[in-house]
Structure formats: C-alpha cells, structure tokens
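Numbering (the working numbering), first residue to last: 3 to 365.
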C-alpha cells in the first residue's frame, strides 16, 4: 500500500477513528487503526467490538493495499508532522511514514486479524442538520449519570415522536430535554445511546451537512460526512421522563439569564461544596432572592424578575442550577415552581426548545 495525503487531512482522519481503539482487549489488533487504500480513497477503521468507526478520505493512491497501524503511535507521529504532504508506504508487517525531512519506520499489525466492519441494514432513520444535532447533544450530555451501576442513566434517550426529534438525559437529580421539529412524516422510534458516544458526535467538525441516525437490532448507525459510526445501544427501559415534568406551576418568573447565573455563582461562594442555595421568590417585590448561610458567613443576592403566582421558598443545588443556565442560549430564562418540595423547571425562550428540570433540596 502506498499513498500520499495532506498532514491536516490525515490527522483529522486519525483523530476521528482513534476514538474506537482499545488497549484493554485480549486482541492486540484492536489497539490499531486499519487502513485500506483503493481507487482514489483511503478508508480508516477502528473498533473495540462495542463501537466501530469508519472514515473515508480522498488521497493520491499509488498502490492499493491494506495495513493496521499501531493506533496511538501513528496518531502521535502524524500530529507532530509539519503541514505538508505525508507519504505512507506499508505492508502487513511494517510501514514508512515520511513528510519533508522526517521519516518514521514502524511495525504494523496483521490486517487479516482485524474484524470486518459490520454490515447492518437500518430499520428506521432520521436526518437533521448537524449544527442542530450538535447543539442539542451538548445541552443534554452534561446531565448523564456517571454511575455505571445504573447503566441506563449513563445514556441519552433519543426518540422520534409525533414528528419531533427529542434528546433526553437524567442522572435522577436533574433532567434535560431538547426538541427539534422534523419535516415530513416520520416513523416513531427510540433508543438509549451512551452519553460519551453522543458527546464525541457533538464534537465532530461542522461541515454544514446533515447527520443521519439509524436504528437496527441492538445497534445505532450514525452517518456524517465521510464517517460511519456503529455503536451498541444501552439495553433496558428508560425512565418515564414525561411523568417527571410538571404540567402546571404555582409560581413563574421571567429573569435575565446572565444576571441569575452570576447571582447563583456568588451566592454559592461561601459553600465550598456548592450544594445548597435558598431561592425566595416574591411576587410583591418582583424579585428572586438567593441566600446561603454557612459557618464561614452568609450572603444574599437580589435579582429583578417578572413574577406571577404565589410567593415560594425552595432550595436547589447551586451547581445543578448553573449547569442548566449555562446550557441555554436565550437571554431570558423562565423559572417555574410548583411547590417547595417539587422539581423546578427552567426553560429558554420558545424557539430554543430546551427544558431543564432540577430536584429541590431541603433547606
């Protein structure tokens, strides 16, 4: 195999597929990146047997063939090469990577041992602009649980329901949901996908293209640009998130998001654990008062707000509050409270289609 490619394009290819390699397997070949040069393209692949990634890029192919490079080593080499043409010559045992005055000779793994890329026929699929998907995923991925003992909560719930794409995540202390209206008739489906995988997808370079999400058996297939991801879905029943979201409220505030976020941060400075902030909402004074009291002292913050409904005092985890506020794009936030022991709801402006639920804490 012999091909030439620009350093930046090769590095981008390796960054994408490197997410699928593993050094923990009893199969050494899974620590490698498979490459096949054919026609005027080079296809790179990686897999840890849970996640498989395939990326195809244009290249000047002088000799067709295949090889498996040590994944981390080839990535480190290419990352440190100058921005110029990279020449790769490889067989089943070794490879030479050269760029300008630099040349590396490395041992390769046997491509015969590398698992074939799965051929799966999708059963349902949906395509949306990548920019929209990336924004949605970033908003909910920060909420997924890190507790592996409840695997279902480490994932993001993806659903197409009544012509709308929904992404939902919860760690049982807060919940985030984003929605995107879809054009045309769509078949309903749902799946739970690893939050770490969704974060990786959201961080892919923006190209202006659509991203396609497809389901088949126990897998999700994601196609974007020249990349195909196949990942195993998380099994189990996702919590009925709709039951968690109150259908009404006793108190509603409209407040400047930046002002509220800054006030929450300052109010939590005395509490090193950042665990509690008392939120007192007054319709008479049209304000939200934030306060904390610790051995080190106490603090109060007053934020102007448009308040309707009953006065209420409620406690929230200040870190969780700011996580929700930071995820919003709107300049205003709508804070809805059903009672001092019920979840609080934060929403952005109508066009944002973002909802953040946070459980109260006792104060």
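Backbone N, C-alpha and C define an ideal beta-carbon position, used for all residues, glycine too.
Inter-residue Cα distance where the pair is residue i and residue j
i	j	result
residue 453	residue 190	Past the edges of the chain, shown from 3 to 365, lies residue 453, and the structure says nothing about it.
residue 91	residue 230	25 Å
residue 234	residue 156	13 Å
residue 339	residue 347	7 Å
residue 282	residue 327	18 Å
residue 78	residue 227	24 Å
residue 42	residue 55	20 Å
residue 365	residue 343	10 Å
residue 381	residue 143	Only positions 3 to 365 of the chain appear in this structure, which leaves residue 381 out of reach.
residue 249	residue 225	36 Å
residue 272	residue 200	35 Å
residue 151	residue 173	12 Å
residue 7	residue 109	20 Å
residue 267	residue 345	20 Å
residue 245	residue 51	36 Å
residue 259	residue 153	33 Å
residue 19	residue 219	23 Å
residue 356	residue 124	29 Å
residue 317	residue 360	10 Å
residue 297	residue 341	28 Å
residue 94	residue 82	24 Å
residue 169	residue 3	43 Å
residue 167	residue 193	12 Å
residue 80	residue 13	6 Å
residue 264	residue 320	11 Å
residue 100	residue 5	11 Å
residue 136	residue 112	36 Å
residue 223	residue 132	15 Å
residue 141	residue 149	19 Å
residue 33	residue 121	21 Å
Neighbour-count burial assignment, residue i, 16 or more Cβ in a 10 Å radius
i	result
residue 247	exposed
residue 306	exposed
residue 49	buried
residue 38	buried
residue 262	buried
residue 114	exposed
residue 22	buried
residue 349	buried
residue 118	exposed
residue 138	buried
residue 10	exposed
residue 183	exposed
residue 171	buried
residue 60	exposed
residue 333	exposed
residue 26	exposed
residue 238	exposed
residue 72	buried
residue 187	exposed
residue 86	exposed
residue 97	buried
residue 196	buried
residue 312	exposed
residue 324	buried
residue 107	exposed
residue 28	exposed
Extent of the continuous beta strand (DSSP E) to which residue i belongs
i	result
residue 234	229-234
residue 168	166-172
residue 348	346-349
residue 266	Unbroken run through residue 266 is the alpha helix (DSSP H), 259-269; no beta strand (DSSP E).
residue 360	356-360
residue 99	96-101
residue 240	Where residue 240 is concerned, there is no enclosing beta strand (DSSP E), given that its DSSP letter is neither H nor E.
residue 40	34-40
residue 214	212-218
residue 92	87-92
residue 280	279-284
residue 108	104-109
residue 251	From DSSP, residue 251 is part of no beta strand (DSSP E); its letter is neither H nor E.
residue 221	221-226
residue 7	4-8
Boundaries of the alpha helix (DSSP H) in which residue i is found, first to last residue
i	result
residue 24	Looking at the DSSP string, residue 24 is not in any alpha helix (DSSP H), and its letter there is neither H nor E.
residue 66	Where residue 66 is concerned, there is no enclosing alpha helix (DSSP H), given that its DSSP letter is neither H nor E.
residue 76	73-81
residue 199	197-204
residue 47	Element bounds for residue 47: not the alpha helix (DSSP H) but the beta strand (DSSP E), 43-49.
Near the ligand FMN: residue i beta-carbon under 7 Å from a heavy atom
i	result
residue 243	For the ligand FMN, the structure offers nothing, since it holds no ligand at all.
Would you call the segment 121-133 and the segment 201-215 touching, i.e. three or more CB-CB distances under 8 Å?
Below 8 Å, enough C-beta pairs join the segment 121-133 and the segment 201-215 to call them touching: three or more.
Cβ pair count under 8 Å reaching 3, the segment 169-188 against the segment 202-209
Flag = no, the segment 169-188 and the segment 202-209 do not touch.
Do the segment 251-264 and the segment 290-310 meet, that is, are 3 or more Cβ pairs less than 8 Å apart?
Yes, the segment 251-264 touches the segment 290-310.
Segments of 3+ residues assigned as beta strand (DSSP E) that fall wholly inside the segment 125-185
You should have 126-131, 157-163, 166-172, 176-183.
To test your reading of the DSSP string, which unbroken beta strand (DSSP E) runs of 3 or more residues are found completely within the segment 292-340?
Secondary structure in the segment 292-340: the beta strand (DSSP E) runs of 3 residues or longer, each lying completely within the stretch, are 299-306, 308-311, 314-318, 334-339 in chain order.
Could you tell me whether the segment 23-39 touches the segment 63-70, where touching means 3 or more Cβ pairs closer than 8 Å?
With a cut-off of 8 Å, the segment 63-70 and the segment 23-39 count as touching, because enough Cβ pairs lie within range.
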